[in-house]
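There are 2 protein chains.
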Amino acid sequence: MPSELETCMESLIKVFHHYASKDGSGATLNRRDLRLLMENELSNFLKSQKDPAAVDKIMKDLDANGDGRVNFEEFVSLVVGLSVACEQCYQQHMKKTGKC
Amino acid sequence: MPSELETCMESLIKVFHHYASKDGSGATLNRRDLRLLMENELSNFLKSQKDPAAVDKIMKDLDANGDGRVNFEEFVSLVVGLSVACEQCYQQHMKKTGKC
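Chains A and B, in that order, are what the protein sequence lines are.
So in UniProt numbering, spot 71 of the first sequence is number 71, and the numbers just go up one at a time.
So in UniProt numbering, spot 29 of the second sequence is number 29, and the numbers just go up one at a time.
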């Protein structure tokens, strides 16, 4: 049975490929794919964004190689950014409650 | 109910804090914590490493700020590296089987 961390890595790959468009060069998220992924998988985060152009701005930030598409490596950097932000909140909460 | 991606982000934080040592500066993994985490959570990957000093080398690679400890951000970079490697295998497999 896979561990929690292995399951998490599998989820990252599964979620990305569920939304990614396939073409000759492999699987990537175009703007529409990314919007759908974020609306379905990161709806809480998206709701917290007041800016209606949030997805477009995130797309621009993630698309490190500037090809108008987000590959798996670029997608993972979004998950990392959100996880790091969540973890900082978690540490602050634990400090406040004296558990850290 | 959290989405698969939200659950994954929660798992990253949960697993890290399960193994991390707590001190005044927050939660970090020392060499012993990292070894335990990898033995329990990434045992398949660890088994594939022939080098008995693999954990030590990974510790050195991850410890970007050189303080002898791995913080959450440094830990996530390990998960990212492994996920990206797994995803490349997955894409190659899909191309071979004509699904990508």
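The beta-carbon is built from N, C-alpha and C at its ideal position, and this holds for glycine as well.
Practice task
Measure the alpha-carbon distance for A/Ala20 versus A/Gly98 and round it to whole angstroms.
Solution key: 43 Å
Practice task
Report the neighbours of A/Ser11 on chain B: residues whose CB is nearer than 9 Å to its CB, in chain order.
Solution key: Near A/Ser11 (Cβ distances below 9 Å), the residues of chain B are Glu4, Leu5, Thr7, Cys8, Ser11.
Exercise for the section: Output yes if chain B places a C-beta closer than 8 Å to the C-beta of A/Leu62; else output no. Expected result: no
Practice task
Quick one: grab the DSSP three-state call for B/Lys50.
Solution key: coil
Problem - 8 Å Cβ cutoff met for A/Leu78 and A/Leu62 - result: yes
Exercise for the section: Pick helix, strand or coil for A/Leu12, following the three-state DSSP scheme. Expected result: helix
Practice task
Determine which residues share a DSSP beta bridge with B/Val70 and list them.
Solution key: In the DSSP secondary-structure assignment, B/Val70 is bridged to B/Leu29.
Practice task
Have a look at A/Asn30, A/Gln92, A/Leu82 and flag the residue whose alpha-carbon is nearest the alpha-carbon of A/Gly66.
Solution key: A/Asn30
Practice task
Would you mind telling me which residues of chain A sit closer than 8 Å to B/Gly98, beta carbon to beta carbon, in chain order?
Solution key: Within chain A, no residue comes near B/Gly98; the closest Cβ sits about 11 Å away, beyond 8 Å.
Handout entry: is_contact[A/Tyr90, chain B] using C-beta, thresh 8 Å
Key = Judged by the 8 Å Cβ criterion, A/Tyr90 is in contact with chain B.
Problem - Spatial neighbours of A/Ala54 in its chain, beta-carbon cut-off 8 Å, leaving aside the 5 residues before and after - result: Leu46
Exercise for the section: Buried or exposed for B/Ser83, please, with buried defined as at least 16 other CB atoms from any protein chain shown within 10 angstroms of its CB. Expected result: By the neighbour-count rule (16 or more Cβ atoms within 10 Å), B/Ser83 is buried.
Handout entry: Proximal chain A residues relative to B/Leu82, where beta-carbon distance stays under 8 Å
Key = Simply Met9.
Exercise for the section: Indicate whether at least one CB of chain A lies closer than 8 Å to the CB of B/Val79. Expected result: Output row for B/Val79: interface = yes.
Problem - Beta-bridge partners of B/Lys60, as assigned by DSSP - result: B/Lys60 is not bridged to any residue.
Exercise for the section: Can you give me the Cβ contacts of B/Val15 inside the same chain, cut-off strictly under 8 Å, excluding the 5 residues immediately before and after it? Expected result: Here B/Val15 has Leu37, Glu41 as same chain residues with Cβ atoms under 8 Å from its own Cβ, once five neighbours each way along the sequence are excluded.
Exercise for the section: For A/Ser48, count neighbouring Cβ atoms within 10 angstroms of its own Cβ and tell me buried if that reaches 16, exposed if not. Expected result: exposed
Problem - Best match in A/Ala85, A/Asp33, A/Lys96 for proximity to A/Gly68 [C-alpha to C-alpha] - result: A/Asp33
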